[in-house]
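The next block holds one structure in the form of structure tokens; read it before the comments.
In my numbering, the protein residues as written are 112 to 589.
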């Protein structure tokens, strides 16, 4: 829970939350101090107001006594005492009714203020109360009670004003902080994006140098690392290209040797065996018949060796590249693999592709299909393999370009997540990269494998493309 609520949040959000929390704590401390100060100030004011009111009432009553107007207090006292603040002054008349003198005949009470009850409860005043008796017998008592409502209302209005000002300033600070942090931390977001680019192999990614000194060091180090990885990638691609060239040269040389030497030798063996069989067939002896049978066996073995030789030649060198259409080479390849693996069904769909895209690209497409089908059958135990090859037009920032797209999907066991790609898949990826393309391998355990290859091409306007092959036609050729 903590990981999701805090550590998974952006740095900007975490900093803003921290600043807001600090401001909130500071506001709570300031509010507590303000409440305590309000309590102290109000208590002092109440004591002073009640003391003044008590003396003023005493003087007023003495003056009324000298004027012999005590019997008419209900009419004489209000005009004299109504302007006293923060107190309630009442007296009991002859009929036993409580008469309120100040303020202006309002009902008595200590909480009559605009402040909410929770604020009044926080202030928690001890309201002073004093009584002044007029006559020795205790008749006509005058009651003086502290009334802090006005004082609390003033304190609440000041508190509310400060709260509004604090809230406005805090919101402005957080907005400014959000904008400033966005500017300051933007290089980190760019750095994260750049790291993702490096993760997927885009080593040409570069970051703009940051204005903040510490972040500028990070961006410079990233650019240095990306440059080093880009150089290493180019060196690896060059090495892989050399390895592939050497491998293809070796295959070409072996294919030539098999064709020129082994093929000629097999042809000579077959010709001699056929000659022996013909000569022996002209004789009627038992020995001649045995010689003829042996010669026939030699011819049979020679034919088997010729078939094996042709299969090896096709595996080592896929026909005359550039002379035979690429689609025909692929159909021939899938047909041969299908005949050798009847338990797996290979479904081939070829769109409108050119006759050839050059020996390197044709060979890359051919080898990708060959390696993918072999791996799917041998390692993935796939029962169905789908091959889709097409040429499409894609838009880029400048205009439109053409690219060859190859998709090979199977329903095999896939590749376990903890298992790394083998040499075959690695060579396939580097072979595609060597011709400027991309190769994406998506494999999940027990969910099959999907390989996507995209190779950009520079096709001339007058260069013909082969018509699309429907799956049914490809199946007939198989």
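In this text, a Cβ means the ideal position worked out from N, Cα and C, and glycines have one as well.
Kindly give me the distance between the Cβ atoms of residue i and residue j, rounded to whole angstroms, as I take these residues to be in contact under 8 Å.
i, j, result
"residue 525", "residue 491", "7 Å"
"residue 590", "residue 540", "There is simply no residue 590 to check, as the chain begins at 112 and stops at 589 in what is shown."
"residue 153", "residue 259", "5 Å"
"residue 505", "residue 511", "7 Å"
"residue 484", "residue 448", "5 Å"
"residue 318", "residue 302", "6 Å"
"residue 437", "residue 473", "5 Å"
"residue 326", "residue 299", "7 Å"
Kindly indicate the opening and closing residues of the beta strand (DSSP E) around residue i.
i, result
"residue 526", "Careful: residue 526 lies outside any beta strand (DSSP E) and carries neither H nor E."
"residue 506", "495-506"
"residue 197", "Counting along the chain, residue 197 falls outside any beta strand (DSSP E), and DSSP gives it neither H nor E."
"residue 268", "Element bounds for residue 268: not the beta strand (DSSP E) but the alpha helix (DSSP H), 260-310."
"residue 554", "549-554"
"residue 565", "560-568"
First and last residue of the alpha helix (DSSP H) that includes residue i?
i, result
"residue 516", "That residue, residue 516, is in no alpha helix (DSSP H); its beta strand (DSSP E) goes 511-521."
"residue 352", "324-368"
"residue 452", "Residue 452 -> no alpha helix (DSSP H), and no H or E assigned at all."
"residue 257", "Run containing residue 257: none in the alpha helix (DSSP H); it sits in the beta strand (DSSP E), 253-257."
"residue 229", "228-234"
"residue 392", "374-392"
"residue 313", "Here residue 313 belongs to no alpha helix (DSSP H), and DSSP marks it neither H nor E."
"residue 176", "122-177"
"residue 481", "470-489"
"residue 538", "534-545"
"residue 467", "Counting along the chain, residue 467 falls outside any alpha helix (DSSP H), and DSSP gives it neither H nor E."
"residue 208", "Element bounds for residue 208: n/a, residue is neither H nor E."
"residue 414", "397-427"
Out of the options, which one is the CA nearest neighbour of residue i?
i, options, result
"residue 513", "369, 567, 555", "567"
"residue 559", "487, 362, 136", "487"
"residue 475", "563, 255, 209", "563"
"residue 439", "477, 450, 410", "477"
"residue 269", "376, 230, 339, 404", "230"
"residue 311", "360, 177, 341, 134", "341"
"residue 195", "179, 547, 212", "212"
"residue 294", "451, 307, 323", "323"
"residue 329", "297, 350, 355, 360", "297"
"residue 57", "113, 381, 552, 467", "Past the edges of the chain, shown from 112 to 589, lies residue 57, and the structure says nothing about it."
"residue 354", "538, 118, 554", "538"
"residue 382", "279, 554, 412, 356", "412"
One question on the structure: do residue i and residue j come within less than 9 Å of each other, judged by their Cβ atoms?
i, j, result
"residue 545", "residue 358", "no"
"residue 496", "residue 517", "no"
"residue 384", "residue 393", "no"
"residue 442", "residue 461", "yes"
"residue 464", "residue 423", "no"
"residue 146", "residue 255", "no"
"residue 406", "residue 387", "yes"
"residue 314", "residue 335", "no"
"residue 210", "residue 164", "no"
"residue 494", "residue 522", "yes"
"residue 284", "residue 130", "yes"
"residue 277", "residue 226", "no"
"residue 425", "residue 444", "yes"
"residue 241", "residue 155", "no"
"residue 542", "residue 479", "yes"
"residue 202", "residue 136", "no"
"residue 321", "residue 337", "no"
"residue 134", "residue 347", "no"
"residue 515", "residue 548", "yes"
"residue 257", "residue 158", "yes"
query: Can at least three beta-carbon pairs, one atom from the region 226-234 and one from the region 254-268, be found at a separation below 8 Å?
result: As far as the Cβ criterion goes, the region 226-234 touches the region 254-268, which means the pair count is three or higher.
The region 281-292 in contact with the region 115-132 per 3-pair CB rule at 8 Å: The region 281-292, when compared against the region 115-132, does touch it at the 8 Å Cβ threshold.
message: For the pair the region 412-421 and the region 436-456, tell me if three or more CB-CB distances fall below 8 Å.
response: The region 412-421 makes no contact with the region 436-456; the number of CB pairs closer than 8 Å stays below 3.
message: Quick test of the definition: if touching needs 3 or more C-beta pairs under 8 Å, does the region 131-149 touch the region 268-283?
response: Judged by Cβ distances under 8 Å, the region 131-149 makes contact with the region 268-283, as three or more pairs qualify.
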